[in-house]
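S.K.: Those letters in the sequence shown? Residues 2 to 323, by the numbering used here. Note that CB positions come from ideal geometry on N, CA and C, so glycine has one too. Just so it is clear, the structure is predicted and the values come from calculations on it, not from any experiment. Shown below is the structure under consideration.
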Amino acid sequence: MTEQLRNIPTNLIMGFLGVGKTTAILDLLKQKPENESWAVLVNEFGKVGIDGAIFSAAGATVKEIAGGCLCCALSVPFQVTINRLLKDVRPDRLLIEPTGLGHPKKVLDMLVSGPFQEALDVRASICLVDPEKLKDQRYTGHENFIDQIALSDVLVANKMDRADSVAIQLFHQWAASSHPEKALIAQTTQGQLDITWLDLNRSANRKAAFPDRHKDIQFAPVDHLHGQLNNNADDGYQSFGYVFPEGSCFDYAQLNALLGQLKAERIKGIFCTNQGWFIINSADGVMNKFAISSALSSRVEIIMQKNEAQDIAVSLNQCLLG
Ligand SMILES: Nc1nc2c(ncn2[C@@H]2O[C@H](COP(=O)(O)OP(=O)(O)OP(=O)(O)O)[C@@H](O)[C@H]2O)c(=O)[nH]1
Ligand SMILES: [Mg+2]
2 MTEQLRNIPT NLIMGFLGVG KTTAILDLLK QKPENESWAV LVNEFGKVGI
52 DGAIFSAAGA TVKEIAGGCL CCALSVPFQV TINRLLKDVR PDRLLIEPTG
102 LGHPKKVLDM LVSGPFQEAL DVRASICLVD PEKLKDQRYT GHENFIDQIA
152 LSDVLVANKM DRADSVAIQL FHQWAASSHP EKALIAQTTQ GQLDITWLDL
202 NRSANRKAAF PDRHKDIQFA PVDHLHGQLN NNADDGYQSF GYVFPEGSCF
252 DYAQLNALLG QLKAERIKGI FCTNQGWFII NSADGVMNKF AISSALSSRV
302 EIIMQKNEAQ DIAVSLNQCL LG
């Protein structure tokens, strides 16, 4: 299927949940040379994909694999999706955003030595880190977090607007202790990466500290759920995904109040409200919203620590109008 395709420059844009991967890819797409077409493959931990819709709203060519992480979904869905994307779009570059909760080793192995060996030219993997997270043992002890950093060629501190001097110092200590050395260490805000970093070389000598870390979780893409709850639990996190029937409309103020007080690690949603359509993106308790023209249906993905049990379905339904 991919015989004629050769050496398509490909990059993994990695980093933990909510660090700014999607923001960074959106910014890279703005820097794309006009005569090139780029494709994005995005994978989400939750079963209800939101990042794909965010990329689509920005006009990008995107394919989404939701419900687990790429390393667990690797075999058939991953290969088929990449094949289809390459064949349909024949992109000049492929950017891959793996789930923030995933382990990158199997993904990288498949891209460089599997069936895509000829079609793809895998260049520098970029890992974004929120320096503030380096103060927190829940993150620094998380094996996927550690290996995303270990396997990256370019290490970038994002959210520098929120990082204090202790966090910045910790970041540079982590970065400097990497073996082999990183091709580049940088800091930024709003995921602003220099497009030339994408063409830095990938080192084949980077080793994961926990290569067999991730146990399989079931891959089950769900496209047509109507107001149903979908659980996907792993790694100390649980996700709740809801897709609402077409025509559902939320009370903006009530929805805002509800989402604002949820104790969630991540909230990503697309909502039709009485004040228009919005994408809501919340990480670290900071909620960002932006208006979009419309979408097919309202949907939301909420990721929480496993010990945070809340009856979200009932509360969400109470925010529906009519
Ligand atoms: N304060 C601050 N917020 C940022 C920065 N970069 C991104 N964000 C916000 O952080 C939130 C998460 O950003 P995303 O780009 O969705 O993060 P992600 O890594 O793709 O998240 P997942 O795919 O869920 O793992 C969004 O609300 C962004 O607007 C930054 O430099 N500073
Ligand atoms: Mg994302």
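Hey, is Arg139 close to ligand 1, as in C-beta under 7 Å from one of its heavy atoms?
M.R.: no
S.K.: Note down, in chain order, each residue of its chain lying with its Cβ closer than 8 Å to the Cβ of Thr141, except the 5 sequence neighbours on either side.
M.R.: Lys134, Leu135 and Ile147
S.K.: State the start and end residues of the unbroken alpha helix (DSSP H) segment that holds Phe56.
M.R.: Asp52 to Ala58
S.K.: For Asn12, which residues does DSSP report across the bridge?
M.R.: Leu96
S.K.: Going along the chain, which residues of its own chain have a beta-carbon closer than 6 Å to the beta-carbon of Leu156, five neighbours each way excluded?
M.R.: Cys128, Ala176, Lys183 and Ile186
S.K.: Could you tell me if the beta carbon of Glu119 falls within a distance shorter than 7 Å of some heavy atom in ligand 2?
M.R.: no
S.K.: Cβ-heavy atom distance between Asp52 and ligand 2 below 7 Å?
M.R.: yes
S.K.: Secondary structure at Glu247, three-state DSSP: helix, strand or coil?
M.R.: coil
S.K.: Go ahead and pull the three-state DSSP assignment for Arg85.
M.R.: Correct three-state label for Arg85: helix.
S.K.: May I ask you to report which of helix, strand or coil DSSP gives Lys264?
M.R.: coil
S.K.: Could you pull out every unbroken beta strand (DSSP E) segment of at least 3 residues lying fully inside the stretch 162-200, listed in chain order?
M.R.: 185-188
S.K.: When DSSP builds the beta bridges, which residues end up paired with Leu42?
M.R.: Lys64 and Ile97
S.K.: With H, G and I counted as helix, E and B as strand and the rest as coil, what does DSSP make of Leu321?
M.R.: strand
S.K.: Report the CB separation of Val108 from Val20 in whole angstroms; it is logged as a contact under 8 Å.
M.R.: Actually they do not touch by this definition, with Cβ atoms about 17 Å apart.
S.K.: Excluding the 5 residues preceding and the 5 following His227 in the sequence, name in chain order all residues of the same chain whose CB lies nearer than 8 Å to its CB.
M.R.: At His227 the pLDDT is 34, less than 50, meaning the model places this residue with poor confidence; the figure from the coordinates comes in the next sentence. The answer, listed in chain order, is Val244, Phe245 and Pro246.
S.K.: Thinking just about the alpha-carbon of each residue, which of Glu119, Asp52 and Pro132 is nearest to the one in Ile97?
M.R.: Asp52
S.K.: Under the criterion of a Cβ to heavy atom distance below 7 Å, does Glu302 qualify as lining ligand 2?
M.R.: no
S.K.: Assign Phe17 to one of three DSSP states: helix, strand, or coil.
M.R.: coil
S.K.: What residue range does the alpha helix (DSSP H) around Ser114 cover?
M.R.: Lys106 to Ser114
S.K.: With DSSP as the reference, please indicate the residues paired to Lys269 in a beta bridge.
M.R.: Asn282 and Glu302
S.K.: Our contact map puts Cys273 next to Ser299 with C-beta atoms below 8 Å; I'd like the distance itself, whole angstroms only.
M.R.: 5 Å
S.K.: Given 7 Å as the limit, tell me if Lys48 has its C-beta closer than that to any heavy atom belonging to ligand 1.
M.R.: No, the Cβ of Lys48 stays beyond 7 Å of every heavy atom of ligand 1.
S.K.: When the Cα of Ser283 is compared with those of Gln276, Gln138, Leu201 and Ala265, which residue comes out closest?
M.R.: Ala265
S.K.: Does DSSP put Val155 in a helix, a strand or coil?
M.R.: It is a strand residue.
S.K.: Is Asn289 near ligand 1, in the sense that its beta carbon is under 7 Å from a heavy atom of that ligand?
M.R.: yes
S.K.: Does Lys307 come out as helix, strand or coil in the three-state DSSP assignment?
M.R.: In this structure, DSSP gives Lys307 a state outside helix and strand, which the three-state scheme calls coil.
S.K.: Along the chain, where does the beta strand (DSSP E) containing Asp122 start, and where does it finish?
M.R.: Note, Asp122: beta strand (DSSP E), Leu121 to Val123.
S.K.: If you reduce the DSSP assignment to three classes, tell me which class Leu297 lands in.
M.R.: coil
S.K.: Have a look at Gln5, Asp213 and Ala125 and flag the residue whose alpha-carbon is nearest the alpha-carbon of Glu144.
M.R.: Of the candidates Gln5, Asp213 and Ala125, the one whose C-alpha sits nearest the C-alpha of Glu144 is Asp213.
S.K.: Leaving out five residues on either side along the sequence, give the residues of the same chain with a beta carbon under 7 Å from the beta carbon of Leu112.
M.R.: Within the same chain, and ignoring the five residues on either side of Leu112 in sequence, the residues whose Cβ sits closer than 7 Å to its Cβ are Thr11, Leu121 and Val123.
S.K.: Taking buried to mean at least 16 other C-beta atoms within 10 Å of its own C-beta, is Asp217 buried or exposed?
M.R.: Residue placement at Asp217 is poorly supported in this model, since its pLDDT is 42, which falls under 50; the coordinates still yield a value, given next. Classification for Asp217: exposed.
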